[in-house]
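Notes for the one structure printed next.
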Amino acid sequence: MTLGEWLDLENALDSGLIGGQLSRFYYGARMILVKSETDYDKYDEAFEECFSAVKKDTEIGTEMLRWLDKSDLMQLAEQEARDHLNKMEGEGIIIDKEDVEQKFKQRLKDQDSEHNGGSFWIGTMGKTSFGNTGGNIGGVRVGGATGYQSAFAVIGAKKYRDFRDDRVMTNRQFQLAFRRLRQFSSRLDTPERELDIDKTVDETCNQGGVLKIEMRKPRKNSVKLLLLMDSGGTMIPYSSLLNDLFQAVNKSNHYKEVKCYYFHNCIYSHLYKTPECENGDWVETKWLFRNTDKDYKVIIVGDAAMAPEELYSDTGNYRGPNDGLSGEEWLKSLKRHYKKIVWLNPKMAPGNAPWREAETAVKQMFPMYKLTVSGLDKAMIKLMETR
Amino acid sequence: MSIFEGTKGYVASPELMDSVNIAIALKKPLLIKGEPGTGKTMLAESVAEALGKKLIIWNIKSTTKAQDGLYMYDTIQRLYDGQFGEGGVDDIAHYIKLGKLGEAFDSEEQVVLLIDEIDKADLEFPNDLLWELDQMEFYIGETKRTVKAKHRPIVIITSNAEKELPDAFLRRCIFHYIEFPGKELMEEIIKVHFPEVEEHLLNEAMDVFYQIRDIRDIRKKPSTSELIDWINALQIGGIPYGQIKAKLPFIGVVVKKDEDLEQTVHHNFQ
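Protein chains in written order, with the working numbering: chain B, 200 to 586; chain D, 7 to 276.
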């Protein structure tokens, strides 16, 4: 956000376009300040925090709330509180049912008797009391009908959460991210060796018919891609995600060459041709080195959750041959052969995770990104960097 | 100042109307994003109609350059004219043709300018338009003429989110994401198209439609325009009560991909 946008917001407030109602202000401010639906969820969080803070300052807060939203929100909140309670009783929470319910009721009573204007407690309620109690219950927030009723109903519904770009992604988003690889590739440093017909005609005409040749950089994509995917047991929960990734690469038919192989937990002397990883249906890793040059961009997808011996022992491959080298050494030879390698991890731990020894070790070898929209974007940029 | 409040043929949510009015008041382009079929392009038509202004549409393609919107210098025509001794060769202005943006600037009255699907063009495209959209003017080097907007056009830009738009560009826009309409709004939209639609047909079709959208792994979610087509087909086909969920007549109008069709046919509609 910039100063200019902030001034725009003040301008809009001055002109009375977004004042008068909290919900109009919510949408208006969002239009001016937030420029991508991927940030809507964060905006919701900030908005909620900012305006639920108002209610703590009892007298002024109440006054402000009344001024902001009058009775609409109150009624809505009350109605929802009732629904909420009914629903909870109906569904029957499995763990600590009584406890949770009691807490909820108690809180409800407390807040209500404390003062009469706190229309927001139900919104924060979902967050504080139940957010702490457990993940599944935390999801039960003040829901809301769509439309124009109340900003907090919209926030409560958390409907922009799916747009967040740090969430695990869908096939289409994969494809968009891979497009980035093409976009960057057209800026590759190559000599100008293609006739630019339009420019030549323009320049020639402009010179009154005296021929002037104009050249340009070829716009062809020169990216060659090597995709290596972990198909081991710990990766099974991510199989549909990997399938999506594979589809996205296949559909992005703008690469000069795409190769795809599979491995189980770690890369050793052989790479499998199919995700089933059956012995015999493979190519030698050394064969791959011979047949792909160093310019291949390598994307390794895996959770890097090997057991220490799988990474460090030269007999660590319990499913197939090692060829005398440990997993770590095979990974190192990969790093020596190719100029650009990134590792995508669907369940990466943040920072250095000492309890996940293998992941930390792999992180030191390859730049590792989480398999999300923003993670893949970063990985693609890393692959296209010229150094 | 004129306020946009929707038109008969176009149902807009309150926040969408607000976004148009804010954009007009702040004199900024309005950037509209949303799923295909949520009526992004129709919005501009509706704004033009409601405010009684002329609509100029600049359709962006993957090959469109920013320059195309400003003006074109037809050098080839000039060469021809020069060779055949046609008149007017000396006057370069004769060979300058204004693009859509130029046309909007040059108009004698305020117009609505729709820049449709801006994300189709090259990544740099929006950046090349920053100055022009900010200052509402550009300079034609060949004739040393500055084209300046006599009346600042109302600029509406649509995007399908195929490409990320540059920050510098986004900063200058008012942004609104059109959500997929909920059932109530959808009912209103359909009734605009078919005021006479039978209640039970509408309800049943909408039920199926939203359930299809909710099927997991569906590749292409059906959009509003597909639902409208389907209801049209169902009306013409005269489907008896209660048959829509069971038989899914004309389902090909709504579901277009083979994989999706298979999933839909095997889905148990409630």
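Note that the Cβ used here is the ideal one computed from N, Cα and C, for glycine as well.
Please read all numbers here as calculations on a predicted model, not as lab measurements.
Sheet register partners of residue i (DSSP bridge)
| i | result |
| --- | --- |
| B:W481 | B:Y471 |
| D:S165 | D:K39 |
| D:E210 | BP columns for D:E210 are empty, so no partner. |
| D:M78 | D:K103 |
| B:F445 | For B:F445, which the question treats as bridged, DSSP gives no partner whatsoever. |
| B:Y459 | Looking at the sequence shown, residue 459 of chain B is not Tyr but Cys. Looking at the DSSP assignment, B:C459 forms a beta bridge with B:L426. |
| B:C465 | B:H463 |
| B:L543 | B:V500 and B:Y568 |
| D:K60 | D:V117 |
CB contact check: residue i to chain B, cutoff 8 Å
| i | result |
| --- | --- |
| D:T81 | yes |
| D:F10 | no |
| D:H182 | yes |
| D:K39 | yes |
| D:R84 | yes |
| D:N133 | no |
Partners in chain B for residue i, counting only beta-carbon separations shorter than 8 Å
| i | result |
| --- | --- |
| D:L176 | K234 and S235 |
Where residue i meets chain D, residues with beta-carbon distance less than 9 Å
| i | result |
| --- | --- |
| B:N210 | A31 and L32 |
| B:R223 | P20, E21 and D24 |
Under 7 Å by beta carbon: chain D residues contacting residue i
| i | result |
| --- | --- |
| B:Y226 | E21 and D24 |
| B:M230 | S25, I28, I180, F181 and H182 |
Cβ of residue i within 8 Å of any chain D Cβ
| i | result |
| --- | --- |
| B:N405 | yes |
| B:D401 | yes |
| B:R489 | no |
| B:G408 | yes |
| B:M583 | no |
| B:E204 | yes |
| B:D522 | no |
| B:D240 | no |
| B:D207 | yes |
| B:A548 | no |
| B:S384 | Reliability fails at B:S384, whose pLDDT of 48 lies under 50, so the model's placement of it is uncertain and the value that follows must be treated cautiously. Answer no: the Cβ-Cβ gap between B:S384 and chain D never drops below 8 Å. |
Assumed close pair residue i, residue j - CB separation to whole angstroms, cut-off 8 Å
| i | j | result |
| --- | --- | --- |
| D:T230 | D:G43 | 5 Å |
| D:D24 | B:I217 | 7 Å |
| B:Y587 | B:L543 | Chain B is shown only over 200 to 586; residue 587 of chain B falls outside these bounds and no answer can be derived. |
| D:F215 | D:L233 | 5 Å |
| D:L107 | D:W64 | 7 Å |
| D:L104 | D:Y79 | That belief does not hold up - the Cβ atoms of D:L104 and D:Y79 are roughly 11 Å apart, past 8 Å. |
| B:V500 | B:I540 | About 12 Å separates the two Cβ atoms, so there is no contact after all. |
| D:I180 | D:A29 | 4 Å |
| D:L36 | D:V161 | 7 Å |
| B:F462 | B:L427 | 6 Å |
| B:I231 | B:D207 | 5 Å |
| B:D480 | B:T473 | 6 Å |
| B:N464 | B:M505 | 5 Å |
Under 9 Å from the C-beta of residue i: neighbouring residues of chain B
| i | result |
| --- | --- |
| D:N274 | Ordered by position in chain B, no residue passes the 9 Å Cβ test against D:N274, which lies about 22 Å from the chain. |
| D:N27 | L216 |
Listed by chain order, chain D residues near residue i by CB distance under 8 Å
| i | result |
| --- | --- |
| B:E509 | What B:E509 touches in chain D: nothing, since even the nearest Cβ is about 33 Å away. |
| B:T201 | R177 |
| B:D513 | Correct list: empty, because the minimum Cβ distance to chain D is about 42 Å. |
Could you check whether the stretch 84-101 of chain D touches the stretch 115-127 of chain D, counting it as contact only if at least three pairs of C-beta atoms, one from each stretch, sit closer than 8 Å? With a cut-off of 8 Å, the stretch 115-127 of chain D and the stretch 84-101 of chain D do not count as touching, because too few Cβ pairs lie within range.
Determine contact between the stretch 196-212 of chain D and the stretch 230-238 of chain B, defined as no fewer than three beta-carbon pairs at a distance below 8 Å. Pairwise C-beta distances place the stretch 196-212 of chain D out of contact with the stretch 230-238 of chain B, as fewer than three of them are shorter than 8 Å.
Kindly confirm or deny that the stretch 394-409 of chain B and the stretch 459-476 of chain B touch, where touching means at least three C-beta pairs closer than 8 Å. No, the stretch 394-409 of chain B does not touch the stretch 459-476 of chain B.
Three Cβ pairs or more, each shorter than 8 Å: is that satisfied between the stretch 261-273 of chain D and the stretch 217-228 of chain D? Here the stretch 261-273 of chain D makes contact with the stretch 217-228 of chain D; the two share three or more CB pairs at distances below 8 Å.
contact_flag[the stretch 179-195 of chain D, the stretch 12-24 of chain D] where n(CB pairs < 8 Å) is 3 or more: yes
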